[in-house]
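Working notes, structure below.
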Amino acid sequence: MRNISFLITLGIIAGLIFSRCIINQTEEKTLSLEKFSADKEVYHSSELMKLTVEIHSSSELKNVSIVVKGINGRLNQKKTLDLNEGTTKISFAYKLPRCNVCGGIRAGNYDLTCEVTYDDTKLEKSTTVKIQQ
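All letters in the sequence shown, in the order written, are residues 35 to 167 by this note's numbering.
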């Protein structure tokens with residue numbers, strides 16, 4: 035009789051655990067910076083550069099900060115967005131400065147960086163573009 039009571043009690047506890055009545059399982063929120071790219075590899079002075087950022091989120095996230103920067107501090111754009119679950123594409127556009135001494139940059143390769151920040155999580159990706167006169 036005691037074995038039957040023990041098995042019934044064990045079955046009830048197992049049922050409660052599996053139905054999450056006792057153990058509260060929280061969903062872990064994950065965020066990943068899937069892609070950071072420019073529409074071209076080579077640009078010319080004063081040309082419009084289009085940048086694309088792809089972020090994947092496992093759930094809805096509020097106040098996610100996306101910053102793109104580079105070209106000796108000339109490029110520095112920020113967007114703060116609420117993300118839905120899934121992949122989100124964010125676009126940035128930047129008109130390049132002239133390639134001369136007065137314009138402040140020289141022809142050459144420039145690193146661009148994308149930083150995505152949410153709470154204590156900071157993700158970063160970089161790409162390189164070439165700017166010619």
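Built from N, CA and C at the ideal position, the CB exists for glycine as well.
- DSSP lists 110 and 147 as the beta-bridge partner residues of residue 103.
- By the neighbour-count criterion, in which a residue is buried when 16 or more other Cβ atoms sit within 10 angstroms of its Cβ, residue 82 is exposed.
- In this structure the segment 111-124 touches the segment 86-101; the number of beta carbon pairs closer than 8 Å is three or more.
- Residue environment for residue 104: buried (at least 16 other C-beta atoms within 10 angstroms of its C-beta).
- In the same chain as residue 132, and ignoring 5 residues on each side of it, the C-beta atoms closer than 7 Å to its own belong to 79 and 80, in chain order.
- In the structure shown, residue 130 adopts coil according to DSSP, grouped into three states.
- Distance from residue 127 to residue 166 at the Cβ level is roughly 19 Å; contact not present, criterion being Cβ atoms closer than 8 Å.
- The beta carbon of residue 102 sits closer than 6 Å to the beta carbons of 85, 111, 126 and 148 from its chain, once the five residues preceding and following it are set aside; these are given in chain order.
- The residues 88, in chain order, have a CB closer than 6 Å to that of residue 69 in the same chain once the five nearest residues on each side in sequence are set aside.
- If you look at residue 72, you'll find it in the beta strand (DSSP E) that goes 65-72.
- Check the Cα spacing between residue 64 and each of 161, 120 and 138: the tightest is with 120.
- For residue 97, the three-state secondary structure derived from DSSP is strand.
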